[in-house]
Amino acid sequence: MSTYNGDKYLKNQILSLQQQTHKKWRLLIRDDGSTDRTTEIITYFCQNDERIERVEDDLGNLGVAKSFFQLLQCSTADYVIFCDQDDIWLEKKLEFLLKAAKEHLGTEVPSLVYCDGYAYSNENGTILSNSISHLHADNLQEFLFFNSGYQGCSILFNKKLATMAKQYDKEFYMHDDIVSLIGHTFGKVYFLAVPLMLYRQHECNVTGKAQLKKWDALYRFFRRDAFVLSKEHYAEKKEFFSCYRQQMAQKERVLFEAYLQFPTLPLFKRFVLIFHHGFSLGGMKLPLWIKTLIRRPIG
Numbered sequence: 527m528s529t530y531n532g533d534k535y536l537k538n539q540i541l542s543l544q545q546q547t548h549k550k551w552r553l554l555i556r557d558d559g560s561t562d563r564t565t566e567i568i569t570y571f572c573q574n575d576e577r578i579e580r581v582e583d584d585l586g587n588l589g590v591a592k593s594f595f596q597l598l599q600c601s602t603a604d605y606v607i608f609c610d611q612d613d614i615w616l617e618k619k620l621e622f623l624l625k626a627a628k629e630h631l632g633t634e635v636p637s638l639v640y641c642d643g644y645a646y647s648n649e650n651g652t653i654l655s656n657s658i659s660h661l662h663a664d665n666l667q668e669f670l671f672f673n674s675g676y677q678g679c680s681i682l683f684n685k686k687l688a689t690m691a692k693q694y695d696k697e698f699y700m701h702d703d704i705v706s707l708i709g710h711t712f713g714k715v716y717f718l719a720v721p722l723m724l725y726r727q728h729e730c731n732v733t734g735k736a737q738l739k740k741w742d743a744l745y746r747f748f749r750r751d752a753f754v755l756s757k758e759h760y761a762e763k764k765e766f767f768s769c770y771r772q773q774m775a776q777k778e779r780v781l782f783e784a785y786l787q788f789p790t791l792p793l794f795k796r797f798v799l800i801f802h803h804g805f806s807l808g809g810m811k812l813p814l815w816i817k818t819l820i821r822r823p824i825g
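Taken in order, the sequence shown gives residues 527 to 825; the numbers are from my numbering.
This is the structure:
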């Protein structure tokens with residue numbers, strides 16, 4: 527868990543971990559320079575639960591992504607989860623994710639399982655949505671054009687994947703992007719279609735967005751000043767390819783090369799590239815075709 531000025535929510539999140547039906551876990555916490563009471567709360571829980579340990583260093587404020595990756599270097603566990611400071615885990619989250627990982631993934635290759643969650647309003651305590659996970663990919667072709675990874679707090683990944691992620695020494699946009707990419711490039715990914723957490727929506731969320739009205743979502747999709755690829759995620763995938771290229775199988779290497787070529791091509795050749803390599807958005811080809819037709823390739 528990486529924390530930063532989370533004293534309003536941290537206690538309830540840690541209490542939800544302590545209520546898990548699966549009891550054999552360890553929580554590593556790194557504070558990223560909080561100026562509120564966050565560190566006091568961390569100290570209290572460390573003193574009262576031997577499973578909770580604070581990781582201290584002199585690196586200062588790294589930002590959420592690099593702070594989580596710094597924590598990953600300290601993990602020796604067979605399975606790892608990135609725990610946000612401001613959510614609430616339902617009591618069977620660990621139990622169900624571990625069971626799914628053991629039944630569907632194994633330990634031989636870098637693999638992850640991710641679950642769904644409820645979007646939860648901080649202001650009035652109501653459920654905004656019964657799902658926070660709307661796009662799911664079965665392979666790299668279906669995943670590369672996502673402008674995100676899976677929600678880090680929903681992912682449980684095995685030691686093989688953690689070991690591979692520790693090798694990553696390039697720039698990156700979000701920590702969960704890298705973990706998601708490793709899973710789809712080198713191993714297995716499984717979606718557990720069960721909501722196992724309350725994903726809090728409030729003014730301090732770093733990545734969370736309140737539920738959009740249907741018409742607003744449609745308007746955003748068809749805006750002509752929008753883009754197919756975000757420049758941040760494109761740059762991140764370029765760095766990822768640079769880091770792991772030599773370890774990739776030929777098929778995955780070709781897919782990355784095609785993806786990276788996409789924004790440099792004229793419109794007709796972009797369509798040819800999508801069709802030839804079978805790219806889609808979570809198995810849905812039409813949305814990617816429409817985005818390619820009406821949007822700038824990158825922005």
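All residues carry an ideal CB built from backbone N, CA and C; glycine is no exception. Everything numeric in this text was worked out from a predicted model, so none of it was measured.
- Message: For the region 550 to 565 against the region 583 to 599, do three or more pairs of beta-carbon atoms, one drawn from each stretch, fall closer than 8 Å, so that the two count as touching?
- Response: yes
- Task: Express the C-alpha separation of residue 755 and residue 790 in angstroms, rounding to a whole number.
- Result: Using only the alpha carbons, I get a separation of about 12 Å.
- Give the single residue among 805, 775, 818 and 723 whose Cα lies nearest to the Cα of residue 793. 818
- Delimiting residues of the alpha helix (DSSP H) encompassing residue 798: 793 to 803
- Message: Could you tell me which whole beta strand (DSSP E) segments of length 3 or greater appear in the region 537 to 583?
- Response: 553 to 557 and 578 to 580
- Item | Buried or exposed (CB count within 10 angstroms, at least 16 for buried), residue 663 | buried
- Using three-state DSSP, classify residue 641 as helix, strand or coil. strand
- Query: Any idea which residues DSSP pairs residue 815 with across the strands?
  - Reply: Answer by DSSP bridge pairing: none, since residue 815 is not bridged.
- Task: Going by CA-CA distance only, name the one from 550, 717, 533 and 620 that's closest to residue 561.
- Result: 533
- What do you reckon, are the CB atoms on residue 661 and residue 808 nearer than 7 Å? yes
- Message: So, with DSSP's three-state summary, where would you put residue 705?
- Response: Of the three classes helix, strand and coil, the one that applies to residue 705 here is helix, per DSSP.
- Task: Scan the region 592 to 665 and note each continuous beta strand (DSSP E) run of 3 residues or more that stays entirely inside, going in chain order.
- Result: The qualifying runs are 605 to 607, 637 to 647 and 653 to 655.
- Query: Roughly how many angstroms lie between the CA atoms of residue 806 and residue 691, to the nearest whole one?
  - Reply: 25 Å
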